[in-house]
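Q:
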Amino acid sequence: MEIPGIVGAGLIVIGAGLGIGKIGGSAMEAIARQPEAANKIQTAMLIAAALIEGIGFAALFAS
Amino acid sequence: MEKLLNDFSVGLFFWQMIVFLVLLFLLKKYAWTAILVSVKAREDKIKEGLEAADKAKEMMRQMKEDNEELLAKARLEREGIIKAAREAKDKMISDAKLKASEEADKVIKSAQEAIKAEKNAAMNEIKTHVAELSISIAEKILKKELAADGKQNELIEAAMNESKLN
Amino acid sequence: MLVKRLFSILVLTFLLSPLCVNASGDSSAQSEPNVKTEIKEYIGHHLQDSYDFTIWHEYGIGFPLPIILVDEGFHLFMSSKFHHGEAVAESNGKYYKIFHGKIYRTDAEGTIEMDEATHHPSNVKPLDFSITKNVFSIILISILIFWLFRNFAKSYQHSMIPNKKGRLLEPLVVFIRDDIAIPNIGKKSYGQYMPYLLTVFFFIWFLNLAGMTPLGIGVTNNIAVTFGLALITFIITQFTAKKSYWAHIFWMPGVPTPMKVILAPIELLGVFVKPFALMIRLYANMTAGHVVIMSIIGLLYVFNNWFATGAFLGLTLFLSVLELLVAFLQAYIFTMLTALYFGAAAAEHDDHH
Chain A
0 MEIPGIVGAG LIVIGAGLGI GKIGGSAMEA IARQPEAANK IQTAMLIAAA
50 LIEGIGFAAL FAS
Chain B
0 MEKLLNDFSV GLFFWQMIVF LVLLFLLKKY AWTAILVSVK AREDKIKEGL
50 EAADKAKEMM RQMKEDNEEL LAKARLEREG IIKAAREAKD KMISDAKLKA
100 SEEADKVIKS AQEAIKAEKN AAMNEIKTHV AELSISIAEK ILKKELAADG
150 KQNELIEAAM NESKLN
Chain C
0 MLVKRLFSIL VLTFLLSPLC VNASGDSSAQ SEPNVKTEIK EYIGHHLQDS
50 YDFTIWHEYG IGFPLPIILV DEGFHLFMSS KFHHGEAVAE SNGKYYKIFH
100 GKIYRTDAEG TIEMDEATHH PSNVKPLDFS ITKNVFSIIL ISILIFWLFR
150 NFAKSYQHSM IPNKKGRLLE PLVVFIRDDI AIPNIGKKSY GQYMPYLLTV
200 FFFIWFLNLA GMTPLGIGVT NNIAVTFGLA LITFIITQFT AKKSYWAHIF
250 WMPGVPTPMK VILAPIELLG VFVKPFALMI RLYANMTAGH VVIMSIIGLL
300 YVFNNWFATG AFLGLTLFLS VLELLVAFLQ AYIFTMLTAL YFGAAAAEHD
350 DHH
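Listed in order, the protein sequences are those of chains A, B and C. If you're matching positions, the first sequence starts at 0 in numbering that gives the first Met the number 0 and goes up one per residue. If you're matching positions, the second sequence starts at 0 in numbering that gives the first Met the number 0 and goes up one per residue. If you're matching positions, the third sequence starts at 0 in numbering that gives the first Met the number 0 and goes up one per residue.
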């Protein structure tokens with residue numbers, strides 16, 4: 000049976016979602032621990048999330 | 000992916016690029032430079048102002064410190080002067096007292112000496128007076144006693160006896 | 000005060016915009032039995048560029064835009080000739096017809112021949128440089144941006160403090176300088192990139208916001224637009240790159256030689272992947288936002304009862320607010336990553352990573 004591409008895309012989206020979730024969670028923890036560094040953490044978090052998101056979209060469009 | 004390529008509109012891309020680049024050029028020339036320069040200028044001015052205020056504050060602080068130092072110095076000096084004056088006064092008084100007592104002693108001493116001398120003189124005078132008086136009395140008595148001749152010989156004899164005894 | 004009032008009006012407009020779309024879909028939804036296909040088509044139509052500036056499709060409120068075609072000659076005519084895609088337009092002896100949102104050359108009757116293999120029409124596609132709805136919107140928004148910032152910049156001539164509009168925009172300009180450009184590019188060389196970063200940020204943000212108005216101009220959910228922006232970022236990155244940037248790509252310093260050989264092609268690929276991701280991210284985020292909001296409004300008609308109406312309206316409102324945030328966030332991320340790439344290009348010392 001042939002697995003449709005969309006299933007792979009779904010898997011990648013799950014992975015990307017988990018990854019972004021992990022980044023967000025860790026960032027929250029980091030901000031809670033060091034509220035004065037919130038700005039830097041936020042920036043780093045957004046960049047990391049954006050990079051993972053890029054992979055997710057690439058997968059979606061490749062399928 | 001195929002759908003994306005199919006959706007790609009060359010015309011939209013073309014116009015978008017032209018409009019965007021024109022916008023970029025115009026904004027750069029007429030807006031961004033002015034805005035960024037003005038913002039920077041204002042920030043610099045605020046920074047300068049804050050620095051100047053800090054400097055003024057520091058100067059005020061320094062001045063106040065100087066004033067206080069000066070004041071403290073003046074106070075110290077005043078105290079020193081007062082102390083010295085008091086000491087001088089005390090010394091003067093004590094000196095005067097000492098001198099006065101010395102003078103007094105001297106006066107008393109000389110007075111005593113004078114009194115002593117006077118007394119001695121008076122004593123001597125009295126002594127001579129008494130002596131003269133007694134001599135004159137003795138003379139008068141002798142004159143009266145020796146008026147008779149026998150008496151004179153008797154006396155000579157008595158005196159001769161006395162000297163023989165010795 | 001004025002700014003505050005203006006802002007609240009703007010917010011209200013954004014929040015109500017799905018309802019307006021809603022209202023426009025209303026009349027046709029009841030007449031057609033198959034609501035789901037109708038909704039799907041409506042969403043597809045909404046996302047697509049169009050040759051007329053339609054504001055209210057059902058009542059024909061809108062105006063035509065010029066069509067410019069290059070097809071063995073130059074063709075210029077108004078889109079009203081197509082009668083909203085229903086008629087064949089004639090120009091300089093050639094006939095054109097709109098089929099699924101694209102212009103094809105046809106014969107006088109307007110026959111579209113379908114290719115059996117690809118399911119695409121086999122008719123000739125002329126080079127299309129029409130001022131479409133999206134192009135028109137870009138021009139409009141660009142004029143708005145220019146007017147806003149020109150005004151803002153001029154207000155500095157009179158005083159050190161900008162006017163009311165400027166006071167709203169100035170923090171954003173300072174934010175881009177202090178939180179995006181300087182940390183990512185460095186104090187030494189950020190100046191030369193500032194005009195592009197500022198322009199691209201406000202361009203994307205304003206277009207994203209325009210996409211949320213009831214006018215339905217989704218410019219940033221066109222791959223051509225995001226491709227153009229990513230292309231400029233790519234070109235600026237390569238052309239301002241210093242020696243150490245290329246050294247990091249082809250001969251990574253501080254790594255053993257066999258690793259250098261392996262890393263070089265990966266890094267080289269990365270040079271192209273970075274702007275590609277930039278393009279896809281903006282496109283996909285904006286498209287997804289529109290699709291989700293439209294779909295949820297569509298669900299309103301699928302369920303068609305009072306409970307669903309309340310629930311989905313609430314959800315739409317919430318998602319619209321979220322989309323407002325996304326509109327800003329995507330502009331921010333695009334600018335941020337662009338600055339990051341510029342920073343890598345402008346870095347000078349070798350030990351910098």
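Built from N, CA and C at the ideal position, the CB exists for glycine as well. No experiment lies behind these values; they were computed from the predicted model shown.
If the cut is a Cβ gap below 8 angstroms, which residues of chain C does residue 59/A touch?
A: By Cβ distance, chain C contributes 283.
Q: In the structure shown, what three-state DSSP assignment does residue 101/C receive?
A: Residue 101/C falls in the strand class under three-state DSSP.
Q: Counting C-beta neighbours from all protein chains within 10 Å, is the total for residue 143/C 16 or more, i.e. buried, or is it exposed?
A: Flag for residue 143/C reads exposed.
Q: Kindly give me the distance between the Cβ atoms of residue 277/C and residue 333/C, rounded to whole angstroms, as I take these residues to be in contact under 8 angstroms.
A: About 6 angstroms; that satisfies the 8 angstroms criterion.
Q: I need the boundaries of the beta strand (DSSP E) containing residue 73/C, first residue and last residue.
A: Note, residue 73/C: beta strand (DSSP E), 73-77.
Q: Mind checking who residue 61/C pairs with in its DSSP beta bridge?
A: Residue 61/C is bridged to 53/C.
Q: Please go through the stretch 215-281 of chain C and give each complete beta strand (DSSP E) segment of 3 or more residues, from N-terminal end onward.
A: Entirely contained in the stretch 215-281 of chain C, not one beta strand (DSSP E) run reaches 3 residues.
Q: Where does residue 56/A land, buried or exposed, given buried means 16+ other C-beta within 10 angstroms?
A: So residue 56/A counts as buried.
Q: Drop a sphere of 10 angstroms on the beta-carbon of residue 25/C, count the other beta-carbons inside from all chains shown, and report buried for 16 or more, exposed for fewer.
A: Here residue 25/C scores only 45 on pLDDT, less than 50, and its place in the model is too uncertain to base an answer on.
Q: Which residue's Cα is closest to the Cα of residue 12/B: 115/C, 170/C, 137/C, 83/C?
A: The shortest C-alpha separation from residue 12/B is found at 137/C.
Q: Could you check the C-alpha separation between residue 77/C and residue 69/C for me, to the nearest Å?
A: Approximately 15 angstroms between the Cα atoms of the pair.
Q: Just tell me which of 188/C, 308/C, 283/C, 106/C has its CA closest to the CA of residue 219/C.
A: Minimum Cα distance to residue 219/C is reached at 283/C.
Q: Does any C-beta atom of chain C lie closer than 8 angstroms to the C-beta of residue 41/B?
A: Output row for residue 41/B: interface = yes.
Q: Could you work out which residue in 251/C, 208/C, 271/C is closest to residue 233/C when comparing CA atoms only?
A: When only C-alpha atoms are compared, the closest one is 271/C.
Q: Specify whether the stretch 43-61 of chain B and the stretch 238-256 of chain C touch according to this definition: at least 3 beta carbon pairs, one from each stretch, less than 8 angstroms apart.
A: The answer is no - the stretch 238-256 of chain C does not touch the stretch 43-61 of chain B, with fewer than three Cβ pairs under 8 angstroms.
Q: Going along the chain, which residues of the stretch 265-297 of chain C sit with their C-beta nearer than 9 angstroms to a C-beta in chain B?
A: So the close ones are 279, 282.
Q: Taking all protein chains shown into account, do 16 or more other C-beta atoms lie within 10 angstroms of the C-beta of residue 23/C, making it buried, or fewer, making it exposed?
A: The predicted model places residue 23/C with a pLDDT of 43, which falls under 50 and marks its position as unreliable, so this point remains unresolved.
Q: Quick one: which chain C residues come within Cβ less than 8 angstroms of residue 30/A?
A: Those within 8 angstroms of residue 30/A in chain C number zero; the least Cβ separation is about 16 angstroms.
Q: Where does the unbroken beta strand (DSSP E) through residue 90/C begin, and where does it stop?
A: Counting along the chain, the beta strand (DSSP E) containing residue 90/C begins and ends at 88-90.
Q: Report buried or exposed for residue 30/B, applying the criterion of at least 16 other Cβ atoms within 10 angstroms of its Cβ.
A: Residue 30/B is buried by the Cβ-count criterion.
Q: Quick one: give me the first and last residue of the alpha helix (DSSP H) that residue 331/C is part of.
A: Start and end: 305-345.
Q: If the cut-off is 9 angstroms on Cβ atoms, which residues from the stretch 41-59 of chain A count as contacting chain C, listed in chain order?
A: Listed by position along the chain: 42, 45, 46, 48, 49, 50, 52, 53, 54, 55, 56, 57, 59.
Q: Under the assumption that residue 7/B contacts residue 222/C (Cβ atoms under 8 angstroms), give the Cβ distance between them as a whole number of angstroms.
A: Right, their Cβ atoms sit about 6 angstroms apart.
Q: Among the residues of its own chain, which have a CB less than 7 angstroms from the CB of residue 193/C, if the five just before and after it don't count?
A: The residues are 176, 180.
Q: Assess, as a yes-or-no matter, whether the stretch 201-215 of chain C is touched by the stretch 310-327 of chain C under the definition of 3 or more beta carbon pairs within less than 8 angstroms.
A: Taking 8 angstroms as the limit for Cβ pairs, the verdict is that the stretch 201-215 of chain C does touch the stretch 310-327 of chain C.
Q: What did DSSP end up calling residue 104/B once you bin it into helix, strand or coil?
A: It is helical.
Q: My guess is that residue 337/C and residue 46/C are in contact by the Cβ rule of under 8 angstroms, so how many angstroms apart are they, rounded?
A: Wrong, their Cβ atoms sit about 25 angstroms apart, outside the cutoff.
Q: Cutting at 8 angstroms between CB atoms, please list the residues of its own chain near residue 36/A, excluding the five before and the five after it.
A: Only 29, 30 meet the Cβ criterion.
Q: Given that residue 71/C touches chain B, what residues does it touch there, using C-beta distances under 8 angstroms?
A: None at all; the shortest Cβ gap to chain B is about 17 angstroms.
Q: Within 10 Å of its beta-carbon, does residue 36/B have 16 or more other beta-carbons around it, so buried, or fewer, so exposed?
A: Exposed, by the Cβ-count rule.
Q: At which residues does the alpha helix (DSSP H) containing residue 195/C begin and terminate?
A: Run containing residue 195/C: 193-209, per the alpha helix (DSSP H) assignment.
Q: Are there three or more Cβ pairs, one per stretch, closer than 8 angstroms when the stretch 94-103 of chain C is compared with the stretch 122-136 of chain C?
A: Yes, since at least three Cβ pairs between the stretch 94-103 of chain C and the stretch 122-136 of chain C fall closer than 8 angstroms, the two stretches touch.
Q: State buried or exposed for residue 169/C, treating a residue as buried only when at least 16 other CB atoms are found within 10 Å of its CB.
A: So residue 169/C counts as buried.
Q: Using 8 angstroms as the Cβ pair cut-off and three pairs as the minimum, do the stretch 153-161 of chain C and the stretch 182-198 of chain C touch?
A: No, because fewer than three Cβ pairs between the stretch 153-161 of chain C and the stretch 182-198 of chain C fall closer than 8 angstroms, the two stretches do not touch.
Q: Would residue 345/C pass as a contact of residue 198/C if the rule is Cβ separation under 8 angstroms?
A: Going by C-beta atoms, residue 345/C is not nearer than 8 angstroms to residue 198/C.
Q: What is the C-beta distance between residue 129/C and residue 10/B, in whole angstroms, given that I count them as a contact (C-beta under 8 angstroms)?
A: Yes, residue 129/C and residue 10/B are in contact; Cβ-Cβ is about 6 angstroms, under 8 angstroms.
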